[in-house]
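Counting in this note's numbering, the sequence shown runs from 2 upward without gaps.
Virtual Cβ for every residue (Gly too), placed ideally from N, Cα, C.
This one's a predicted model, so the numbers in the text were calculated from it and none came from an experiment.
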Amino acid sequence: MRLILFGPPGAGKGTQARQLVERFHLKQISTGDLFRAALRDETPVGLEAKGYMDRGELVPDSVVNKMVEEALGAIGNDHYILDGFPRTTEQARWLLGYLDEHDAPLDAVISLKVDPELIVQRLSRRRTDKETGAIYHLDFNPPPADLPADRLVHRSDDQPDAIRTRLGVYEADTRPLAAIFEQEARFAEIDGVGEIDEVQGRIMDALRTLGARGIEATS
Ligand code: AP5
Numbered sequence: 002m003r004l005i006l007f008g009p010p011g012a013g014k015g016t017q018a019r020q021l022v023e024r025f026h027l028k029q030i031s032t033g034d035l036f037r038a039a040l041r042d043e044t045p046v047g048l049e050a051k052g053y054m055d056r057g058e059l060v061p062d063s064v065v066n067k068m069v070e071e072a073l074g075a076i077g078n079d080h081y082i083l084d085g086f087p088r089t090t091e092q093a094r095w096l097l098g099y100l101d102e103h104d105a106p107l108d109a110v111i112s113l114k115v116d117p118e119l120i121v122q123r124l125s126r127r128r129t130d131k132e133t134g135a136i137y138h139l140d141f142n143p144p145p146a147d148l149p150a151d152r153l154v155h156r157s158d159d160q161p162d163a164i165r166t167r168l169g170v171y172e173a174d175t176r177p178l179a180a181i182f183e184q185e186a187r188f189a190e191i192d193g194v195g196e197i198d199e200v201q202g203r204i205m206d207a208l209r210t211l212g213a214r215g216i217e218a219t220s
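Dropping the structure here:
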């Protein structure tokens, strides 16, 4: 299955991707996670990305596309979920060209719709387990009581100024890609509000409706 999860910051792409990865044995390719890992390892790409990420701006297309090309190539261009990519018209055009060249079309693009006020609530109270990458919310999806507090990270771009910038960047640069996907791929937009399992159920329904490969094996 080749899948894109699309939507604004905080829509729940990472949360939903983790469930789909287990269900379908996919590899999650999250460009945000790749940059954060590169930053932890202090690689040139990580250090270049840091300033953009802290401000809530996009990392330049050439850097992101190269990283995604390597990640896709490493897994033979199949069995993946792209989370947070593409985010600009240039990235989308590059990706569609790359997939065409490799005769590896997308099975589905699922867009999660969540209003900005709820996104601010979600991001300002998000915490991530730095060891497992598990994503929590202090109110909506609290971490286990026995998880040591020093394992929980509050992302540096989950501060009010950076959240506002990220939402603005999404509206200006990323939301317009929905029109490209509607034309060029099997595309569905679903409501991203509700219990996490309820949203997962909507994604499964959309994958069935779109006839994504591999969906037949699930009940
Ligand atoms: P990235 O890491 O991709 O961040 P993002 O797209 O802003 O998305 P988030 O990770 O913030 O949100 P999410 O949709 O995954 O939501 P989550 O599941 O965590 O990118 C970070 C930065 O890297 C960018 O700003 C940019 O600088 C750079 N970058 C990355 N990709 C790039 C690219 N392609 N081009 C250029 N630059 C790039 O959920 C959020 C919260 O909500 C959590 O607390 C969760 O528990 C909670 N939650 C989830 N679902 C529900 C639900 N149904 N009900 C209640 N709460 C919920």
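Which first and last residues belong to the alpha helix (DSSP H) in which residue i is found?
{"i": "S125", "result": "117–125"}
{"i": "D20", "result": "Here residue 20 turns out to be Gln, not Asp, going by the sequence shown. Per DSSP, Q20 belongs to the alpha helix (DSSP H) from 14–25."}
{"i": "D34", "result": "32–41"}
{"i": "G215", "result": "Counting along the chain, G215 falls outside any alpha helix (DSSP H), and DSSP gives it neither H nor E."}
I'd like to know whether the C-beta atoms of residue i and residue j end up nearer to each other than 8 Å.
{"i": "A93", "j": "I30", "result": "no"}
{"i": "T16", "j": "I120", "result": "no"}
{"i": "K51", "j": "L35", "result": "no"}
{"i": "V46", "j": "V22", "result": "no"}
{"i": "G57", "j": "T166", "result": "yes"}
{"i": "F25", "j": "G202", "result": "no"}
{"i": "L113", "j": "P106", "result": "no"}
{"i": "A109", "j": "L4", "result": "yes"}
{"i": "R88", "j": "L59", "result": "yes"}
{"i": "T265", "j": "P177", "result": "The structure shown does not extend to residue 265, since the chain is modelled only from 2 to 220, so the question has no answer here."}
DSSP beta-bridge partners for residue i?
{"i": "S112", "result": "F7, E190"}
{"i": "Q29", "result": "I82"}
Note down the Cα distance separating residue i from residue j, rounded to an integer number of angstroms.
{"i": "H80", "j": "M2", "result": "5 Å"}
{"i": "G33", "j": "R156", "result": "11 Å"}
{"i": "L83", "j": "L6", "result": "6 Å"}
{"i": "L153", "j": "E183", "result": "38 Å"}
(request) Would you list, in sequence order, the uninterrupted alpha helix (DSSP H) runs of no fewer than 4 residues that lie entirely inside the segment 122–188? (result) 161–170, 178–185
(message) Which runs of the alpha helix (DSSP H) at least 4 residues long sit entirely within the segment 49–105? Give them in chain order.
(response) 62–75, 90–102
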